[in-house]
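With positions in the sequence shown counted from 1, the corresponding number in the numbering used here is that position plus 47.
No residue lacks a Cβ here, since even glycine has one placed at the ideal position from N, Cα and C.
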Amino acid sequence: MPFVDIHSSDDFVSIYYTTNSFSGNVGGFDPQKPTVCILHPTFLDSSWLYPQFSDPRLDSEFNLIAFDMRVCGKSECRSSGRHDSWVEAADLALCAQNLRLSSFHILAMESNAINCALRFTALFPEMCLSLALCNVRAPTEDIWIYTAYDELIQTWCFAEDLESYEHVAMESVKLTFGFPCSSM
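The following block contains the structure:
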């Protein structure tokens, strides 16, 4: 499986990535095609991006790559209180450098991916050709959204039992994807 290992004196992360090339890594990229890096939404990983990777309009025209952020999917890292969107942006840049990717387009899905993409562009403007941001947050959210998100994360991280964990997992699905139409 393709991974990019990033080492520093006090940190280690192994970032998983997937591509649309037949070889499953960047060695199979067509140098004549532009590259699009797709960033996945919160609570999900790059496997969620299957519809984009299997879309012939994207697959035939672009080299596609998606990285699992350091705390998602198949990526592995040490726990750190310093982890934020700035770190995710730096991870993205280091992965691109290690894989020798030329400048690329970014398609970011949802708030955490958007924050990462914006910070990446601010820190490394020469590496980003363009940004496409999907589901951009409102400038200010209703207080219930912050309260629900904080409660969700707290319960998820410190669930007292399996039933509590399963409950909060289902609530995160509702928060991420919305409620079924029939319940409204």
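DSSP beta-bridge partners for residue i?
i: N182; result: DSSP lists no partner for N182.
i: T66; result: I112
i: E123; result: S61
i: A155; result: L86 and L180
i: D52; result: S61
i: C175; result: F151
Using the rule of at least 16 other Cβ atoms within 10 Å of the residue's Cβ for burial, across every protein chain shown, is residue i buried or exposed?
i: S70; result: exposed
i: N182; result: exposed
i: S55; result: exposed
i: V83; result: buried
i: T187; result: exposed
i: E213; result: exposed
i: A169; result: exposed
i: I192; result: exposed
i: A179; result: exposed
i: V220; result: exposed
i: F205; result: exposed
i: S135; result: According to the sequence provided, residue 135 is Glu. The question's Ser does not apply to it. Looking at its Cβ environment, which holds 16 or more other Cβ atoms inside 10 Å, E135 is buried.
i: L111; result: buried
i: M231; result: Low confidence applies here, because M231 scores a pLDDT of 46, under 50, leaving its location unreliable and the question unanswered by this model.
To the nearest angstrom, how far is it from the Cα of residue i to the Cα of residue j?
i: Y126; j: W133; result: Just to set this straight, residue 126 is Ser in the shown sequence, not Tyr. Cα to Cα, the separation comes out at about 16 Å.
i: A216; j: C119; result: 15 Å
i: G128; j: D58; result: 12 Å
i: A160; j: C142; result: 16 Å
i: E207; j: Q201; result: 11 Å
i: F76; j: D189; result: 43 Å
i: P78; j: R104; result: 18 Å
i: P98; j: G225; result: 20 Å
i: N67; j: F171; result: 24 Å
i: T65; j: S107; result: 16 Å
i: E157; j: R184; result: 8 Å
i: I53; j: H87; result: 20 Å
i: S122; j: W203; result: 20 Å
i: F90; j: H152; result: 23 Å
i: A195; j: S211; result: 15 Å
Does the beta-carbon distance from residue i to residue j come in below 9 Å?
i: C175; j: M116; result: no
i: L165; j: I85; result: no
i: P81; j: F109; result: yes
i: D131; j: I62; result: no
i: E173; j: L199; result: no
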